[in-house]
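Input: a single structure, listed below in structure tokens.
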Amino acid sequence: MTVVTVNKKEVGLNGTIRVPGDKSISHRAVMFGAIAEGTTTVEGFLAGEDCLSTIDCFRKLGVRIEQNGENVTIEGKGWDGLKEPSEILDVGNSGTTTRLMLGILATRPFHSVLIGDDSIAKRPMARVTTPLREMGSHIDGRENGQFTPLSVRGGQTKGIAYESKVASAQVKSAILLAGLQSEGVTSVSEPALSRDHTERMLEAYGVEVKREGLKVSVEGGQVLKAQHITVPGDVSSAAFFLVAAAIVPGSKVTLQGVGMNPTRSGIVDVLLEMGATMNVMNERLAGGEPIADITIETSSLKGIEISGDLIPRLIDEIPVIAVLATQAEGKTVIRDAEELKVKETNRIDTVVSELKKLGASIKATDDGMIIEGKTSLHGASVSSYGDHRIGMAMAIAGLITEGSVEIERSEAIAVSYPNFFEHIEELQK
Ligand code: S3P
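The numbers in the sequence shown follow UniProt numbering, run straight up by one, and end at 429.
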């Protein structure tokens, strides 16, 4: 276990950084490259532990993948290029690897076994195993396929029209990926729009994707053609520095090349509504995704309500939004966010318990949390509980606490942001 100590910044954060590549897009670039025909090249890949788990699994499925920092080359040989693995596929801490790979394996005529860490073992898998079984795939696992370890014997599947109860890009993507190798048409509709990187990237790989409001469909039998993919900066990683700059006195930070996909950019809307002084500039496209440079400075903030369709657009940013809300005048209410309970940790519990230790006025609700600001936070010993985003949210809080914040299990941060602490240091030079 690694313990990191973070101290209050007496001078502000200043400078320019480029946050690492988007995690969701990096996973998909590798997976889609693995089932495509030809050589796919990826630049800006996130070499964090989760995406490295994806590479490791697809290598075990017989795909040649070379990774050199942010550059990856994948020798795709089409769907049939995937071979029955002789080893267990270890997904580590990665929900995206688990669920999207299940969608791919569901149609492969061989046996495979998936396992992950303690956190993965608690995460609900029935949301994908149930529809994939309905399509005809043979999936088994602990508690009748609800949890890892899971085993898959794929085969001929048929398309379904699936109505998902949750707005989840992992569910949507798993079913659509299986649909690409199933008979007939497969469609998924969701209660609110979740991130649409799968839809965008499948189109880039030459697949026909039909989108009608909250429904997406694909026809079976489609082949992916190898591509060059440019991965934008991860807005979910940028969120930590957007919040840090807004709350650390005397700060002005520019983040370059941040992904601004509208299904992901809820954090920008929240900061603006809270009254942050920020500027979104140089909006452009990179690899079919909108990106921009963002400058933000220390701001006086007010509490707001965050709920409804906005939630899927910022679900991963809620831990650090809670930190932000402790520094906003008045009440911030987060509702409709029960999905937080099934992330790497139960993030309603972990955010509330750890911020309370720092003196925040925060209370858990059934579907979110209520934060009263503005509060002076103090130092304490906290834990990430093995959840990268909890670890980083605590580190950002530590930049403004009287007294230091000691973060246990800080090694989890390498899951999505291996150079997080280097970036904090760079902005203090
Ligand atoms: C992701 C989707 C989201 C998100 C996760 C990454 C993806 O999960 O929280 O970090 O890459 O598709 P859900 O699909 O469970 O909402």
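Positions of the beta carbon are idealized from the N, C-alpha and C atoms, including for glycine. In this text, all values refer to a predicted model and were calculated from it rather than measured experimentally.
Quiz item: With which residues is residue 378 paired in a DSSP beta bridge?
Solution: The sequence position of residue 378 within the sequence shown is 378, counting from 1. 402.
Quiz prompt | Other residues of its chain near residue 267: CB distance less than 6 angstroms, five sequence neighbours each side excluded | solution = Taking the sequence shown and counting its residues from 1, one reaches residue 267 at position 267. Result list for residue 267: 239, 314 and 317, in chain order.
Quiz prompt | Contact check, residue 39 vs residue 75, beta carbons under 8 angstroms | solution = Locating residue 39 in the sequence shown gives position 39, counting from the first residue. Locating residue 75 in the sequence shown gives position 75, counting from the first residue. Yes. Within cutoff.
Self-check item: Span of the beta strand (DSSP E), counted from its first residue to its last, around residue 161
Solution: Against the sequence shown, residue 161 aligns to sequence position 161. Residues 161-163.
Quiz item: Comparing the CB of residue 315 with every heavy atom of the ligand S3P, is any distance shorter than 7 angstroms?
Solution: The residue given as residue 315 occupies position 315 in the sequence shown. Because some heavy atom of the ligand S3P lies under 7 angstroms away, the Cβ of residue 315 counts as near it: yes.
Self-check item: Residue range of the unbroken alpha helix (DSSP H) whose run includes residue 42
Solution: Your numbering for residue 42 matches position 42 in the sequence shown. Taken as a continuous stretch (DSSP letters only), residue 42 belongs to no alpha helix (DSSP H), being part of the beta strand (DSSP E) at 37-43.
Self-check item: As assigned by DSSP and simplified to three states, the class of residue 56
Solution: Residue mapping note: residue 56 aligns to position 56 of the sequence shown, counting from 1. It is helical.
Practice problem: If I'm right that residue 182 touches residue 171 with Cβ under 8 angstroms, what's the distance once you round it to whole angstroms? | Solution: Within the sequence shown, the letter at position 182 stands for residue 182. Within the sequence shown, the letter at position 171 stands for residue 171. Rounded, the Cβ-Cβ distance is 16 angstroms, inconsistent with contact.
Quiz item: Are the stretch 7-20 and the stretch 246-256 touching by the rule of at least three beta carbon pairs closer than 8 angstroms?
Solution: yes
Quiz prompt | Bounding residues of the beta strand (DSSP E) (the contiguous stretch that carries residue 150) | solution = The residue you call residue 150 lines up with position 150 of the sequence shown. Run containing residue 150: 147-153, per the beta strand (DSSP E) assignment.
Quiz item: Buried or exposed: which applies to residue 414, given that a residue is buried once 16 or more other Cβ atoms fall within 10 Å of its Cβ?
Solution: Numbered from 1 along the sequence shown, position 414 holds the residue referred to as residue 414. Per the 10 Å Cβ criterion, buried.
Quiz item: Considering only residues of the stretch 219-266, which uninterrupted beta strand (DSSP E) runs meet the minimum length of 3 residues and lie entirely inside it, listed in chain order?
Solution: 228-230 and 252-259
Quiz item: Which one of 49, 88, 86 and 114 has the shortest CA to CA distance from residue 99?
Solution: Residue numbering aside, residue 99 sits at position 99 when the sequence shown is read from its first letter. Minimum Cα distance to residue 99 is reached at 114.
Practice problem: Could you check what DSSP says for residue 204 in three-state terms: helix, strand or coil? | Solution: Residue 204 sits at position 204 when you count from the first residue of the sequence shown. DSSP places residue 204 in helix when its eight states are reduced to three.
Quiz item: Just to confirm, are residue 372 and residue 381 a CB contact at a threshold of 8 angstroms?
Solution: Against the sequence shown, residue 372 aligns to sequence position 372. Against the sequence shown, residue 381 aligns to sequence position 381. Taking 8 angstroms as the Cβ cut-off, residue 372 and residue 381 do not qualify as a contacting pair.
Self-check item: Within the stretch 308-380, ranges of the beta strand (DSSP E) (whole runs, at least 3 residues)
Solution: 328-334, 361-365 and 368-373
Quiz item: Would the beta-carbon of residue 215 fall within 8 angstroms of that of residue 14?
Solution: One-based indexing of the sequence shown puts residue 215 at position 215. One-based indexing of the sequence shown puts residue 14 at position 14. No. Outside cutoff.
Quiz item: Given a threshold of 16 other Cβ atoms within 10 Å of its Cβ, counted over all protein chains shown, does residue 283 qualify as buried or as exposed?
Solution: Position 283 of the sequence shown, counted from the start, is the residue given in the question as residue 283. Looking at its Cβ environment, which holds fewer than 16 other Cβ atoms inside 10 Å, residue 283 is exposed.
Self-check item: Residue of 180, 63, 363 and 312 minimising C-alpha distance to residue 263
Solution: Against the sequence shown, residue 263 aligns to sequence position 263. Closest by alpha carbon: 312.
Quiz item: Is any heavy atom of the ligand S3P found at a distance shorter than 7 angstroms from the C-beta of residue 204?
Solution: As a working note, residue 204 is residue 204 in the sequence shown. No; taking the cut-off as 7 angstroms, the Cβ of residue 204 has no heavy atom of the ligand S3P nearer than that.
Quiz item: Does any heavy atom of the ligand S3P sit closer than 7 angstroms to the C-beta of residue 339?
Solution: Working through the sequence shown from its first residue, we reach residue 339 at position 339. Yes; taking the cut-off as 7 angstroms, the Cβ of residue 339 has a heavy atom of the ligand S3P nearer than that.
Practice problem: Consider the C-beta atom of residue 171 and the heavy atoms of the ligand S3P; say whether any pair is separated by less than 7 angstroms. | Solution: Taking the first residue of the sequence shown as position 1, residue 171 is located at position 171. Correct: residue 171 has its Cβ closer than 7 angstroms to the ligand S3P.
Quiz item: What is the rounded straight-line gap between the Cα of residue 242 and the Cα of residue 319?
Solution: As a first step, residue 242 is located in the sequence shown; it is residue number 242 there, counting from the start. As a first step, residue 319 is located in the sequence shown; it is residue number 319 there, counting from the start. The straight-line gap from Cα to Cα measures roughly 13 angstroms.
Quiz item: Quick one: complete alpha helix (DSSP H) runs, 4+ long, within the stretch 74-153?
Solution: 95-105, 126-134 and 142-145
Quiz item: According to the neighbour-count rule (16 or more other Cβ atoms, all chains shown, within 10 Å of its Cβ), is residue 131 buried or exposed?
Solution: Residue mapping note: residue 131 aligns to position 131 of the sequence shown, counting from 1. With 16 or more other Cβ atoms within 10 Å, it is buried.
Exercise. Indicate, with yes or no, if the ligand ZN has a heavy atom lying under 7 angstroms from the CB of residue 129.
Key: Within the structure as shown, the ligand ZN is missing, the only ligands being the ligand S3P.
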